[in-house]
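Novice:
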Amino acid sequence: MTFVDLVSLTVSSGKGGAGASSFRREKFVPKGGPDGGNGGKGGNVVFQANTNLQTLMDLKIRKKIKAQNGLPGEGGKRFGKDGEDEVIQVPCGTIIKDSAGAIIADLTHHGMTCIAAEGGKGGRGNACFASSTHQTPTYSQPGLPGIDKDIELELQLLAEVGIIGLPNAGKSTLLKTLTSANPKIGSYPFTTLFPNLGMLKYHDREILLADIPGLIEGASKGVGLGHEFLRHLSRTTVLVHLIEIPLENPEEAIDNYHKINNELIEYDESLANKSQLIVLSKADLVPKDTYQKLQELFKNIDKNSQLISAHARIGLDELSQAIANKLMESQECINEQ
Ligand SMILES: Nc1nc2c(ncn2[C@@H]2O[C@H](COP(=O)(O)OP(=O)(O)O)[C@@H](O)[C@H]2O)c(=O)[nH]1
Ligand SMILES: [Mg+2]
């Protein structure tokens with residue numbers, strides 16, 4: 008799968024069919040009345056959220072999307088057929104914006120739809136214009152034109168929890184261990200080239216986690232994968248900040264923690280204000296007194312931290328519980344407001 012989360016498109020709704028101008032012709036009625044039918048409405052361009060999709064890739068190659076025109080009306084008061092809507096399926100979490108960046112719709116739930124371009128109305132046929140004073144109108148309306156619109160689609164994943172950290176911290180491994188996701192894992196940076204999603208089942212809760220790749224010092228200035236994927240943190244409530252303990256120089260973990268947070272601030276202050284769990288990874292590789300010392304150092308800057316090893320399955324239940332608790336706390340905060 009190629010992950011595409013930004014697409015620009017031109018959408019064109021169908022134009023309305025013209026109303027007909029026609030008169031009844033019958034054998035024994037020399038001057039039949041007007042019987043021109045109305046034109047059909049032009050089709051709409053509609054976007055619809057679909058949980059079975061994860062990427063906007065299919066739209067990348069389409070560029071232009073057009074709905075059908077309405078057909079013209081005909082004599083005998085026959086109405087023209089409406090143009091068919093063009094319904095485009097997009098992943099849940101797709102935001103539709105106009106070319107100025109104003110949000111037209113945020114399609115968060117399966118089945119939600121939005122009309123991005125409304126089809127033109129059909130014109131009325133001359134049969135509509137007959138009155139007691141004007142019994143033989145020849146006038147009929149043209150159909151209204153469709154709308155051409157440039158739009159942007161932006162996918163923002165709907166994960167509640169984002170896993171962040173430097174390349175190689177163990178983010179993808181953690182996602183794979185906590186959920187049934189199967190991301191690519193490697194001992195070199197940037198193995199993960201797009202965000203991965205996985206569902207954590209914790210008691211009766213299902214929590215959607217996203218592994219956000221590529222964060223690195225300078226990401227907000229385009230280093231590495233840049234901050235391309237940080238938009239997928241926008242909707243998260245809790246960040247799991249994964250930190251590998253450098254064996255040579257464990258204190259460096261504190262610098263690394265600040266580096267990532269600075270990148271978040273550079274990108275968007277509200278990301279830095281999200282509730283964060285500090286998680287020290289790969290505990291199986293680190294002597295106990297090293298990580299205890301590190302936990303002290305985090306305490307000195309007023310931060311609690313917890314320890315995991317995805318490989319040795321250490322601290323995973325505690326982490327799941329901490330995630331669920333944090334989500335619950337933030338839910339309570341929202342309810343109190
Ligand atoms: N020893 C040990 N290695 C780990 C652990 N978690 C991840 N790794 C290894 O660290 C490397 C980077 O992991 P990955 O999940 O791809 O990191 P990411 O770049 O943050 O997604 C891989 O070689 C993993 O096998 C762990 O708990 N213990
Ligand atoms: Mg990864």
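So for the sequence shown, my numbering puts the first residue at 8; every next one is plus one. We put the CB at the ideal spot given by N, CA and C, even for glycine. Please read these numbers as outputs of a predicted model, since none were measured by experiment.
Assuming the contact rule is C-beta atoms closer than 8 Å, Gly-49 and Gly-90 should be a hit. Round their C-beta distance to whole Å, please.
Specialist: On the sequence shown, residue 49 is found 42 positions in, with the first residue counted as 1. On the sequence shown, residue 90 is found 83 positions in, with the first residue counted as 1. About 5 Å separates the two Cβ atoms, so the contact holds.
Novice: Are three or more beta carbon pairs between the region 241 to 257 and the region 163 to 170 nearer than 8 Å?
Specialist: Output reads yes: the region 163 to 170 touches the region 241 to 257.
Novice: Taking only runs of the alpha helix (DSSP H) that begin and end inside the region 253 to 329, which ones reach a length of at least 4 residues, in chain order?
Specialist: 259 to 274, 276 to 279, 295 to 307, all fully within the region 253 to 329.
Novice: Tell me where the beta strand (DSSP E) around Met-206 begins and ends.
Specialist: Residue numbering aside, residue 206 sits at position 199 when the sequence shown is read from its first letter. Run containing Met-206: 203 to 209, per the beta strand (DSSP E) assignment.
Novice: So the candidates are Met-119, Gly-177, Gln-75; which of them puts its Cα closest to the Cα of Lys-128?
Specialist: What you label residue 128 is simply residue 121 of the sequence shown in a count that begins at 1. The residue with the shortest Cα to Cα distance from Lys-128 is Gln-75.
Novice: Using 8 Å as the cut-off, classify the Cβ of Asp-218 as near or not near the heavy atoms of ligand 1, replying yes or no.
Specialist: To locate residue 218, count along the sequence shown from 1; it is residue 211. Answer for Asp-218: yes, Cβ within range of ligand 1.
Novice: Below 8 Å, is the gap between the Cβ of Ile-341 and the nearest heavy atom of ligand 1?
Specialist: In the sequence shown, the residue the question calls residue 341 occupies position 334. Not under cutoff, so the answer is no.
Novice: Tell me whether Ser-7 counts as near ligand 2, meaning its Cβ is closer than 8 Å to at least one heavy atom of that ligand.
Specialist: Outside the shown range of the chain (8 to 344) lies residue 7, about which nothing can therefore be said.
Novice: Go through its chain and collect everything with a Cβ distance to Val-14's Cβ below 6 Å, but skip five positions before and after it.
Specialist: The count along the sequence shown starts at 1 and reaches residue 14 at position 7. The residues are Leu-63, Leu-66, Lys-67, Leu-160.
Novice: Residues bridged to Ile-11 by DSSP?
Specialist: Position 4 of the sequence shown, counting from 1, holds the residue named residue 11. Residue identity check: residue 11 is Val in the sequence provided, not Ile. DSSP output for Val-11 lists no bridge partner at all.
Novice: So does the region 99 to 117 actually touch the region 143 to 159, counting three or more Cβ pairs closer than 8 Å?
Specialist: Segments in contact, yes.
Novice: Taking buried to mean at least 16 other C-beta atoms within 10 Å of its own C-beta, is His-239 buried or exposed?
Specialist: As a first step, residue 239 is located in the sequence shown; it is residue number 232 there, counting from the start. That one is buried.
Novice: Our contact map puts Ile-214 next to Leu-207 with C-beta atoms below 8 Å; I'd like the distance itself, whole angstroms only.
Specialist: Working through the sequence shown from its first residue, we reach residue 214 at position 207. Working through the sequence shown from its first residue, we reach residue 207 at position 200. Indeed they touch by this definition, with Cβ atoms about 4 Å apart.
Novice: Once you ignore the five residues that flank Gly-44 on each side, which residues in its own chain have a CB closer than 6 Å to its CB?
Specialist: The residue you call residue 44 lines up with position 37 of the sequence shown. So the list reads Ala-27, Gly-80, Glu-81, Lys-84, Arg-85, Phe-86, Gly-132, once near-sequence residues are dropped.
Novice: Among Asn-256, Lys-34, Ile-285, which one has its Cα closest to the Cα of Ile-267?
Specialist: Locating residue 267 in the sequence shown gives position 260, counting from the first residue. Checked all of Asn-256, Lys-34, Ile-285; the closest Cα to Ile-267 is Ile-285.
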